[in-house]
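Colleague: Structure below; questions to follow.
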Amino acid sequence: MKAKIKDLPYLLCLLVMPALGYLYTLLNTDAREAVILSTTIDEWIPFVPVFIVPYILWYAFILGYLFYFWYKDVQTFLKTLGIIVIGELVCFVIYFYFQTTVPRPDVAGDGLFVDLVRMIYSHDQPYNAFPSIHVLTTFAIILGNFNIKDKHLFHTVFAPVMGSLIILSTLFVKQHFILDMTSSIFLSVFLYGIMFELYGVSTKKSKQAYVEK
89 MKAKIKDLPY LLCLLVMPAL GYLYTLLNTD AREAVILSTT IDEWIPFVPV
139 FIVPYILWYA FILGYLFYFW YKDVQTFLKT LGIIVIGELV CFVIYFYFQT
189 TVPRPDVAGD GLFVDLVRMI YSHDQPYNAF PSIHVLTTFA IILGNFNIKD
239 KHLFHTVFAP VMGSLIILST LFVKQHFILD MTSSIFLSVF LYGIMFELYG
289 VSTKKSKQAY VEK
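First residue of the sequence shown: 89, per our numbering; consecutive thereafter.
Next comes the structure, spelled out in structure tokens:
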């Protein structure tokens, strides 16, 4: 752990997260005439309150794995955080010019899961849906995890499984539509290609040129 002391300043990059959260809140309104992007498939997807558990665990999943990436590989940490930051800024621009909304079901009955759904609904307005930041950031973690070498089997299995549950939860608790999910995955993959593939290749070439000199 002593070897990581020199990498501590990189954790300050996480301070961008509260700023992104503030921008999200400012844009989470229907002031721009929100559009509904529901499809036939969305109508077939049932409302399943138990999926509120992975939906809420998203917060710990993202922050926990960003810390894990920092501990294992600073470059993966920075590139994954870059995908998240750039991806969210792209989402914010879309929210500003093309606001969408997801009509919520009537939540009847009692129980822990139902109460948690009501809590989320009361704290998060049904806007800022396309693309889904929940899905964008989760898929960025799944992709980033592929680049961690010598990781424990737990993380090899847990990250994609838990990430998939979080992504599906956005549909089953009626926070997002299929188009919100697929657009986020596409955006994550596109940014991943830039941050990990193109940037990685250019970095290797620069290092090689420096060594040859």
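In this text, a Cβ means the ideal position worked out from N, Cα and C, and glycines have one as well.
Source: prediction; values computed, not measured.
#1: Provide the residue span of the alpha helix (DSSP H) that contains C179, from first to last.
#2: Can you tell me whether DSSP reads V136 as helix, strand or coil?
#3: Give me the Cα-Cα distance between S126 and Y143, rounded to the nearest whole angstrom.
#4: Have a look at the DSSP bridge pairing and note the partners of T360.
#5: By the 10 Å Cβ neighbour count, where 16 or more other Cβ atoms means buried, how is V223 classified, buried or exposed?
#6: Going straight from the alpha carbon of F135 to that of L108, what length do you get?
#7: Look at the Cβ atom of T189, then the Cβ atom of Y215, and state whether they are nearer than 9 Å.
#8: Under DSSP, the alpha helix (DSSP H) around L250 begins and ends at which residues?
#9: Below 8 Å on the Cβ atoms is my contact criterion, and I expect T226 with W146 to pass it. Report the Cβ-Cβ distance as a whole number of Å.
#10: Does the stretch 93-102 come close enough to the stretch 161-173 that 3 or more CB-CB pairs lie under 8 Å?
#11: Write down the C-beta distance between I171 and L102 rounded to the nearest angstrom, noting that I regard them as a contact closer than 8 Å.
#12: Using beta-carbon positions only, say whether Y209 and L115 come within less than 9 Å of one another.
#13: Could you tell me how far apart the beta carbons of L204 and I140 are, in whole angstroms, since I believe they sit closer than 8 Å?
#14: Tell me whether T128 sits in a helix, a strand or coil according to DSSP, three-state version.
#15: Rounding to the nearest angstrom, what Cα-Cα distance links A148 and L256 in this structure?
#16: Let me check understanding here. Comparing Cα to Cα, which of R120, K167, E131 lies closest to L286?
#17: Note down, in chain order, each residue of its chain lying with its Cβ closer than 6 Å to the Cβ of F284, except the 5 sequence neighbours on either side.
#18: Return the residue from the list V173, A217, I93 that minimises the CA-CA distance to A122.
#19: Would you mind reading off the limits of the alpha helix (DSSP H) that contains F218?
#20: If you draw a straight line from the alpha carbon of N235 to that of D194, how long is it in whole angstroms?
#21: Helix, strand or coil, according to DSSP, for P142 in the structure here?
Modeller: So, to answer that:
#1: 162-185
#2: coil
#3: 20 Å
#4: Outside the displayed range of the chain (89 to 301) lies residue 360, so it cannot be described from this structure.
#5: buried
#6: 29 Å
#7: yes
#8: First, the amino acid is wrong: residue 250 is Met here, not Leu. Its alpha helix (DSSP H) spans residues 241-260.
#9: 6 Å
#10: yes
#11: Contact flag wrong, Cβ pair sits at about 14 Å.
#12: no
#13: 4 Å
#14: helix
#15: 17 Å
#16: K167
#17: K167
#18: A217
#19: Here F218 belongs to no alpha helix (DSSP H), and DSSP marks it neither H nor E.
#20: 42 Å
#21: helix
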